[in-house]
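Engineer: From first to last, the protein sequence lines are chains A and B.
Under the working numbering, the residues of the first sequence are numbered 1 to 436, in order.
Under the working numbering, the residues of the second sequence are numbered 437 to 872, in order.
Starting off with a structure, shown below.
Number of protein chains: 2
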Amino acid sequence: MESDKPLKVAVLGCGSVGSQVVRLLGEQADDLAARIGAPVELVGVAVRRLDAQREVDVPPGLLTTDAVGLVTRPDVDVVVEVVGGIEPARSLILAALENGASVVTANKALLAEDGPTLFEAAAKVGRDLYYEAAVAGAIPILRPLRESLAGDRVTRVLGIVNGTTNFILDRMDSSGAGFAEALEEAQELGYAEADPTADVEGFDAAAKAAILASLAFHSRVTASDVHREGIAEVTAADVESAREMGCVVKLLAICELRETEDGQSAVAVRVHPAMIPRSHPLASVREAFNAVFVESEAAGQLMFYGPGAGGAPTASAVLGDLVTVARNRLAGTRGVGESAYADRAVLPMGETVTRYHVAIDVDDRAGVLASVATAFAENGVSIQTVRQEGRGADAQLVVVSHESTDAALSATVEHLRGMDIVREVTSVMRVEGASE
Amino acid sequence: MESDKPLKVAVLGCGSVGSQVVRLLGEQADDLAARIGAPVELVGVAVRRLDAQREVDVPPGLLTTDAVGLVTRPDVDVVVEVVGGIEPARSLILAALENGASVVTANKALLAEDGPTLFEAAAKVGRDLYYEAAVAGAIPILRPLRESLAGDRVTRVLGIVNGTTNFILDRMDSSGAGFAEALEEAQELGYAEADPTADVEGFDAAAKAAILASLAFHSRVTASDVHREGIAEVTAADVESAREMGCVVKLLAICELRETEDGQSAVAVRVHPAMIPRSHPLASVREAFNAVFVESEAAGQLMFYGPGAGGAPTASAVLGDLVTVARNRLAGTRGVGESAYADRAVLPMGETVTRYHVAIDVDDRAGVLASVATAFAENGVSIQTVRQEGRGADAQLVVVSHESTDAALSATVEHLRGMDIVREVTSVMRVEGASE
């Protein structure tokens, strides 16, 4: 499909991503035109303040504070939304779709909270809503899940999808630093924001987990379905304990297909720090890099690795989507829309199957190990390994369980905490990516 | 787009990949129907012998030895070609396209030798020709290059795209074995064929390099454009020398965008063993796994990792393509076809810029280092590091050059070989993936 008529693009937001989108639209104009089959014309950039400093020179005539006016212009073909947040992004995207524009967005929070509303609006008008940049920045992961693996059955997705927390945990692992110290270093280097809550508490990763689970399992999963634990409680001792087991601590977004008791398949989706073996491909993901590890029935184990954030990498993903939706417009078609036909239920965290690593300070007397083992058994949890470290006042037991429901494991830990011979449960962490 | 009318699929070949395609078409029928929007019906499987043993039960009525009859059936919508080789695969694909079918193939040799003929035939009839399975098995790499990175400028692709040679080199690295011994082990384990030429001499990797370069740089690159060196000459001493440099030896498919003297951009594409730093993401690709490392202007560094061969993984890629081309047929459209608009020239190997690692047995007398350094200088090659090892009869110089043209580096090695003080040039290998 070829056309001389330019394809008109409006960009909402001109921060670190938006300014890179504007830059690349200019610098790559010839390549974009050749790959799309029609030239691309930037017709407007909506910003909050006209006089703000920007990383790119936007022709002043293109800047506007009237985002609603921009997305409802009758001649706009594609709207790129890189403002972020729930509102006004949602209203603007809905207005753009209603106006017949195709939409490309990087807005994970909005998609995880209210994706179905957007997908339905796009389907209703027969337009594309693409969002590769919403998960793992530049790493092509949504398109592979949606298209490359469409003939396969994905069974699990394990993602390191938040660069800030990976940087912090990597520093804790390599330098032995505590959480507070590593966070401070991340802030100094610009990897963490002044208010790091969204990253550190796992909100950002949970939004991405919801998006990944929806695509992988063809079901609707929203952020509120995701069990979420952050990394603020991870201690230097946890990291050291992981090291002794040949593991490393990572904040993982985990999406799994699990069989329920009645033989149906359900989705288990959660974000929490976990120990993974150092031999696992995800273990070598250092600093602020992201990676998504996918297990599927036929393909086996795949991993997608790259920069998970940053203006230019995110803009690369945005522009890849822009080329696709532009080509689809020229061809009078649309790409793969929402696919939620499998309509799987989301398993409550308590019914999710996990493994625990538990370190316990105990009195050093005969029968302690037997008592602890009995506590696991009484809760229906079977033990894989138990290791005794130190003696006397320093005696510690380290137990790694077999797979069990999270509820049973959590009840076991409560049980241990109530036992006389247990001085303290010093570390509780789930174990992922290891063979049982 | 939804339809009750089944989409009719013919499969050519029922070996390790074909039988998995047939199996998955059956087992995943419901999911495929939901993802495509129409049921899929297998209407025939062309085989050489009806009575051969197969990994899957094909209803006998579907088996046929008349491949031409099958692909020219008027009701066939999609032809899956997993026979391999140039003929009759090419004629069958051309006949299928002419008959109006869409085609999915895993045939790297054919695409690398004569892709343009096939692409033109597909374009002429307005049908899809998809081939994700042709490079790196299950790993989604062609779709990301063609679509996800369509808004970016790819500058380099480094791929470990042959599992057999990666297994052999990994064994040489981990056990200190020589090439012959590692090859034998690979053959015993089924990772190498009885006649290992296509893998060991780099023909397989060269075909994949041509396909990757074509997509990454929007130009026509065929197998004959690829400079090719295999791993049969790699010695245990080379591997040990790499280890001492903090490197590992890998057979790499390298596709680069290079500026020519007249300011044009050209494609450099080659397959050869090379030393890469152990810290490089490709260095940790073990055993028979594949990985493709992509550098682009905006996205930065990405890596795609997974199983590069095998029946089920390859079938996963085939079926992903099948879903896409089936959806396109239902929508009356086609996906991204050949993109060769950039029409870049392929740089001769001599003009390609590389770095050499050279180990030289030298006489241990004053001035030897100076003489060797002069030989490099006289050929216009600048030295990054030089290290002297041993003394007396065991004296060895290990030189790593800065980037230079391959012709100058190769001339330097010839020069060294002719020098009196040089007893032997014991190892010559290119260095990739390291900062200068």
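Positions of the beta carbon are idealized from the N, C-alpha and C atoms, including for glycine.
Exposed or buried, Asp698(B), counting other C-beta atoms within 10 Å across all chains shown (16 or more means buried)?
Structural biologist: Stepping through the second sequence from its first residue, residue 698(B) is reached at position 262. Exposed, by the Cβ-count rule.
Engineer: Measure from the alpha carbon of Gly816(B) to the alpha carbon of each residue in Gly626(B), Ala843(B) and Asp487(B), then state which is nearest.
Structural biologist: Position 380 of the second sequence, counting from 1, holds the residue named residue 816(B). Among Gly626(B), Ala843(B) and Asp487(B), the Cα nearest to that of Gly816(B) belongs to Ala843(B).
Engineer: Gln28(A) touches chain B at which residues, Cβ-Cβ below 9 Å?
Structural biologist: One-based indexing of the first sequence puts residue 28(A) at position 28. By Cβ distance, chain B contributes Gly587, Asp588, Arg589, Glu733 and Ala734.
Engineer: Would Thr600(B) be called buried (16 or more neighbouring beta carbons within 10 Å of its own) or exposed?
Structural biologist: Sequence index remark: in the second sequence, residue 600(B) carries index 164 (1-based). Thr600(B) comes out buried.
Engineer: Beta carbon of Ala537(B), beta carbon of Val504(B): below 8 Å?
Structural biologist: As a working note, residue 537(B) is residue 101 in the second sequence. As a working note, residue 504(B) is residue 68 in the second sequence. For Ala537(B) and Val504(B), no; Cβs fall outside 8 Å.
Engineer: Would you call the CB atoms of Val476(B) and Ala469(B) closer than 8 Å?
Structural biologist: Locating residue 476(B) in the second sequence gives position 40, counting from the first residue. Locating residue 469(B) in the second sequence gives position 33, counting from the first residue. Yes, Cβ-Cβ distance for Val476(B) and Ala469(B) is below 8 Å.
Engineer: Taking C-alpha atoms, which residue in Val597(B), Asp609(B), Phe653(B) and Ala557(B) lies nearest to Ala634(B)?
Structural biologist: Locating residue 634(B) in the second sequence gives position 198, where the first residue counts as 1. Checked all of Val597(B), Asp609(B), Phe653(B) and Ala557(B); the closest Cα to Ala634(B) is Val597(B).
Engineer: With a threshold of 8 Å, are at least 3 pairs of Cβ atoms found where one atom belongs to the segment 104–119 of chain A and the other to the segment 79–91 of chain A?
Structural biologist: Verdict: yes, contact present.
Engineer: Do the segment 558–577 of chain B and the segment 666–675 of chain B meet, that is, are 3 or more Cβ pairs less than 8 Å apart?
Structural biologist: Short answer: they don't touch.
Engineer: Counting pairs of beta carbons, one from the segment 764–784 of chain B and one from the segment 170–182 of chain A, are three or more of them closer than 8 Å?
Structural biologist: Segments in contact, no.
Engineer: How is Thr64(A) classed by DSSP in three states: helix, strand or coil?
Structural biologist: Residue mapping note: residue 64(A) aligns to position 64 of the first sequence, counting from 1. Of the three classes helix, strand and coil, the one that applies to Thr64(A) here is strand, per DSSP.
Engineer: Report buried or exposed for Thr65(A), applying the criterion of at least 16 other Cβ atoms within 10 angstroms of its Cβ.
Structural biologist: Within the first sequence, residue 65(A) is the residue found at index 65, counting from 1. Result: exposed.
Engineer: In the DSSP assignment, what residue or residues form a beta bridge with Val78(A)?
Structural biologist: Stepping through the first sequence from its first residue, residue 78(A) is reached at position 78. Paired residue(s): Val9(A) and Ser102(A).
Engineer: Is His838(B) helix, strand or coil by DSSP?
Structural biologist: The residue labelled residue 838(B) in the question sits at position 402 within the second sequence. His838(B): coil per DSSP, three-state reduction.
Engineer: Is the segment 859–870 of chain B close to the segment 700–710 of chain B, with three or more CB pairs under 8 Å?
Structural biologist: They touch, by the three-pair rule.
Engineer: For Ile604(B) and Gly84(A), what's the separation of their Cα atoms in angstroms?
Structural biologist: On the second sequence, residue 604(B) is found 168 positions in, with the first residue counted as 1. On the first sequence, residue 84(A) is found 84 positions in, with the first residue counted as 1. Their backbone Cα atoms lie some 48 Å apart in a straight line.
Engineer: Could you pull the DSSP bridge partners for Cys255(A) from this structure?
Structural biologist: As a first step, residue 255(A) must be located in the first sequence, where it is residue number 255. Bridge partners of Cys255(A): Val157(A) and Val269(A).
Engineer: Just to check my reading of the structure: Ile819(B) and Thr862(B) have Cβ atoms closer than 8 Å, yes? What is that Cβ distance to the nearest angstrom?
Structural biologist: Here residue 819(B) is taken as the residue at index 383 of the second sequence, counted from 1. Here residue 862(B) is taken as the residue at index 426 of the second sequence, counted from 1. Not really, about 18 Å apart at Cβ, beyond 8 Å.
Engineer: Could you name the residues that DSSP lists as bridge partners for Glu731(B)?
Structural biologist: Taking the second sequence and counting its residues from 1, the one referred to as residue 731(B) is at position 295. BP columns for Glu731(B) point to Arg592(B) and Gln737(B).
Engineer: Beta strand (DSSP E) containing Asp797(B): first to last residue?
Structural biologist: On the second sequence, position 361 is the one that residue 797(B) refers to. Where Asp797(B) is concerned, the enclosing beta strand (DSSP E) stretches over Tyr792 to Val798.
Engineer: Output the distance between the C-alpha atoms of Ser732(B) and Ser871(B), rounded to the nearest integer angstrom.
Structural biologist: Residue 732(B) sits at position 296 when you count from the first residue of the second sequence. Residue 871(B) sits at position 435 when you count from the first residue of the second sequence. For Ser732(B) and Ser871(B), the distance between alpha carbons rounds to 16 Å.
Engineer: Would Gln396(A) be called buried (16 or more neighbouring beta carbons within 10 Å of its own) or exposed?
Structural biologist: In the first sequence, counting from the first residue as 1, residue 396(A) sits at position 396. Answer is buried; the Cβ neighbour count reaches 16.
Engineer: Using beta carbons (cut-off 8 Å, strictly below), is Met681(B) in contact with chain A?
Structural biologist: If you number the second sequence from 1, residue 681(B) lands on position 245. Chain A, which has no Cβ nearer than 8 Å to the Cβ of Met681(B), makes this no.
Engineer: With a floor of 4 residues, list each alpha helix (DSSP H) that falls wholly inside the segment 184–268 of chain A, ordered by position along the chain.
Structural biologist: With a minimum length of 4 residues, the continuous alpha helix (DSSP H) runs that stay inside the segment 184–268 of chain A are 197–200, 203–217 and 236–244.
Engineer: Which residue or residues does DSSP assign as beta-bridge partners of Ser863(B)?
Structural biologist: The residue labelled residue 863(B) in the question sits at position 427 within the second sequence. According to DSSP, which records beta bridges pairwise, Ser863(B) is partnered with Ala795(B).
Engineer: Assign Glu233(A) to one of two classes, buried (16 or more other C-beta atoms within 10 Å of its C-beta) or exposed (fewer than that).
Structural biologist: The count along the first sequence starts at 1 and reaches residue 233(A) at position 233. Flag for Glu233(A) reads exposed.
Engineer: Does Phe217(A) have its Cβ less than 8 Å from a Cβ in chain B?
Structural biologist: Here residue 217(A) is taken as the residue at index 217 of the first sequence, counted from 1. Chain B contact via Cβ: absent.
Engineer: Could you name the residues of the same chain whose beta carbon sits closer than 6 Å to that of Val492(B), not counting the 5 residues immediately before and after it, in chain order?
Structural biologist: Within the second sequence, the letter at position 56 stands for residue 492(B). So the qualifying residues of the chain are Ser455, Val458 and Arg459.
Engineer: DSSP three-state label for Ser563(B), please.
Structural biologist: Taking the first residue of the second sequence as position 1, residue 563(B) is located at position 127. Residue identity differs from the one stated: residue 563(B) is Arg in this sequence, not Ser. Arg563(B) falls in the coil class under three-state DSSP.
Engineer: For the alpha helix (DSSP H) containing Leu330(A), name the first residue and the last one.
Structural biologist: Stepping through the first sequence from its first residue, residue 330(A) is reached at position 330. Note, Leu330(A): alpha helix (DSSP H), Gly311 to Ala331.
Engineer: Chain A beta carbons: is any one of them nearer than 8 Å to that of Ala748(B)?
Structural biologist: Locating residue 748(B) in the second sequence gives position 312, counting from the first residue. So, interface residue.
Engineer: Measuring CA to CA, which of Arg827(B), Pro713(B), Leu688(B) and Ala748(B) is closest to Arg592(B)?
Structural biologist: Translated into the one-based positions of the second sequence, residue 592(B) becomes position 156. Closest option to Arg592(B), Cα to Cα, is Leu688(B).
Engineer: So, is Val144(A) buried or exposed, given that buried needs 16 or more other C-beta atoms within 10 angstroms?
Structural biologist: Your numbering for residue 144(A) matches position 144 in the first sequence. Note that residue 144(A) is Pro in the sequence shown, not Val. Burial call: buried.
Engineer: Kindly list, in the order they appear in chain B, the residues whose Cβ is closer than 8 Å to that of Thr105(A).
Structural biologist: Start at 1 with the first residue of the first sequence, and residue 105(A) comes out as number 105. Correct list: empty, because the minimum Cβ distance to chain B is about 15 Å.
Engineer: Closest Cβ-Cβ distance between Gln301(A) and chain C: below 8 Å?
Structural biologist: Given the protein chain composition of this structure (A and B), no chain C is represented.
Engineer: Indicate the three-state DSSP secondary structure (helix, strand or coil) for Met349(A) in the structure shown.
Structural biologist: Working through the first sequence from its first residue, we reach residue 349(A) at position 349. Here Met349(A) sits in helix by DSSP.
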